[in-house]
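When we follow numbering that gives the first Met the number 0, the leftmost residue of the sequence shown carries the number 0, and every step to the right adds one.
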Amino acid sequence: MVRKRRDPVSPADTVLTTAATLVWQSAPFLIRGAVTTLGLAVGSMLPGLILGFGLALMRRSRIRAFSAIARFYVSFIRGTPLLVQLFVIYYGLPQLGINLDPIPSALIGFSLNTGGYTAEIWRSAISAVERGQTEAAAALGMTPALSMALIVLPQAVRIAVPPLGNSFMSLLKDTALAATIQVPELFRQAQLITARTYQIFAMYLAAASLYWLMSGLFEHLQFWLERHSSRHLSYGHRDR
Numbered sequence: 000m001v002r003k004r005r006d007p008v009s010p011a012d013t014v015l016t017t018a019a020t021l022v023w024q025s026a027p028f029l030i031r032g033a034v035t036t037l038g039l040a041v042g043s044m045l046p047g048l049i050l051g052f053g054l055a056l057m058r059r060s061r062i063r064a065f066s067a068i069a070r071f072y073v074s075f076i077r078g079t080p081l082l083v084q085l086f087v088i089y090y091g092l093p094q095l096g097i098n099l100d101p102i103p104s105a106l107i108g109f110s111l112n113t114g115g116y117t118a119e120i121w122r123s124a125i126s127a128v129e130r131g132q133t134e135a136a137a138a139l140g141m142t143p144a145l146s147m148a149l150i151v152l153p154q155a156v157r158i159a160v161p162p163l164g165n166s167f168m169s170l171l172k173d174t175a176l177a178a179t180i181q182v183p184e185l186f187r188q189a190q191l192i193t194a195r196t197y198q199i200f201a202m203y204l205a206a207a208s209l210y211w212l213m214s215g216l217f218e219h220l221q222f223w224l225e226r227h228s229s230r231h232l233s234y235g236h237r238d239r
C-alpha cells in the first residue's frame, strides 16, 4: 500500500495561522481598548466644543483683553504639538503638586487641544451668518444674547458640521498619543500584546483595522449630519 505524501506546510502559512489565532484570542483586549478610544474621543470633543465656542465669542468681543486672551490661547494650542501638551499635563503638573491619573490627563489634554482648533471653526461659522439678520433682530428688540441663541447659533451649527466632523475624525486618531501616558486605549493594548507575543505586524494591523472601522462609522454619521443640515439650510433660505 502506497502512502500519499502530504504537502509540507510552508512557513508563511504557519505564521499567518499563528497570527490569526493570536488576533482572535486578543480580540477582547483590543475591543476594550477601542471602547476606551471612543470614550476619549467623545469625552474630549464635547468639552472642546463648548470651550471652542466660548473662545470664538471672546475673539469677537469688543473687549480687547478677552479677544487678546482668546487669540493667545488659540495660537499657543495650534502652535505646539499635542504630544507635548499631554506630557506637560501628565508629567509636568505633578511638579506643581497636581497629580492626575492617565485617563483624566488625556481627557483634559485632548479637550484643551480640541477647544483651540474648534474655536476657529466656530468663529468662521458665526461670521458666515448674514449680519443683516442680527441687525433685524436688534431692530425687533432682541438682546444680543437672545439673537445669538435663536438666530445665529442654529445657522452656525449647520455651517460648522463638516469641519467639526473632520475635527472629530482627527481627534479619534490622535487618541493613540494617549498610549504615551499609559492610557489603556486601542494602540496601548496593541503595544502590550506585542511586547508579550512579538507578533508586531499582526497586532498593529488589527489595531489599524479597528481604527479604520471606527473612522468609517463616524464618516457615515458625518455624511448623514451634513445632508440633514444642508436640507434645513436650503429650507431656511427658501422660506426667506
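In this text, a Cβ means the ideal position worked out from N, Cα and C, and glycines have one as well.
- Boundaries of the alpha helix (DSSP H) harbouring Glu-119: 101-127, taken from the DSSP string.
- Between Glu-218 and Gly-32 the beta-carbon gap is near 21 Å, outside 8 Å, which marks them as no contact.
- By the neighbour-count definition (other C-beta atoms within 10 Å, threshold 16), Asp-173 is a buried residue.
- In the three-state reduction of the DSSP assignment, Tyr-203 falls in the helix class.
- Ranking Gly-42, Val-156 and Leu-37 by CA distance to the CA of Phe-186 puts Leu-37 first.
- About 6 Å separates the Cβ atoms of Phe-109 and Leu-170, confirming a contact at the 8 Å cut-off.
- The Cβ atoms of Ala-155 and Arg-58 do not sit closer than 8 Å to each other.
- With respect to the C-alpha of Ser-208, the residue from Ala-148, Gln-181 and Ala-189 having the closest C-alpha is Ala-189.
- With fewer than 16 other Cβ atoms from the protein chains shown falling within 10 Å of its own Cβ, Ala-138 counts as exposed.
- Contact check between the region 23-32 and the region 86-104: fewer than three CB pairs, one atom from each, fall below 8 Å, which does not count as touching.
- Its chain contains Gln-132 and Ala-136 as the residues whose beta carbon lies nearer than 6 Å to that of Ile-150, once the 5 sequence neighbours on both sides are disregarded; these appear in chain order.
- Looking from the CA of Thr-20, the closest CA among Pro-143, Met-147 and Gln-198 belongs to Gln-198.
- For the pair Asn-112 and Ile-68, the CB atoms are not nearer than the 8 Å cut-off.
- The beta-carbon separation of Leu-54 and Val-73, rounded to 6 Å, stays under the 8 Å limit for a contact.
- By the neighbour-count criterion, in which 16 or more other beta carbons inside 10 Å mark a residue as buried, Gln-24 falls on the exposed side.
- A distance of 8 Å or more separates the beta carbons of Leu-82 and Leu-92.
- Remark: C-beta atoms of Gly-164 and Leu-224 approach each other more closely than 8 Å.
- Between Ala-159 and Trp-211, the gap from beta carbon to beta carbon reaches 8 Å or more.
- The beta carbons of Leu-39 and Thr-179 sit no closer together than 8 Å.
- DSSP places Asn-165 inside the alpha helix (DSSP H), whose first and last residues are 152-173.
- One alpha carbon belongs to Ser-126, the other to Leu-145, and they sit about 17 Å apart.
- Counting the other Cβ atoms within 10 Å of the Cβ of Leu-220 gives fewer than 16, which makes it exposed.
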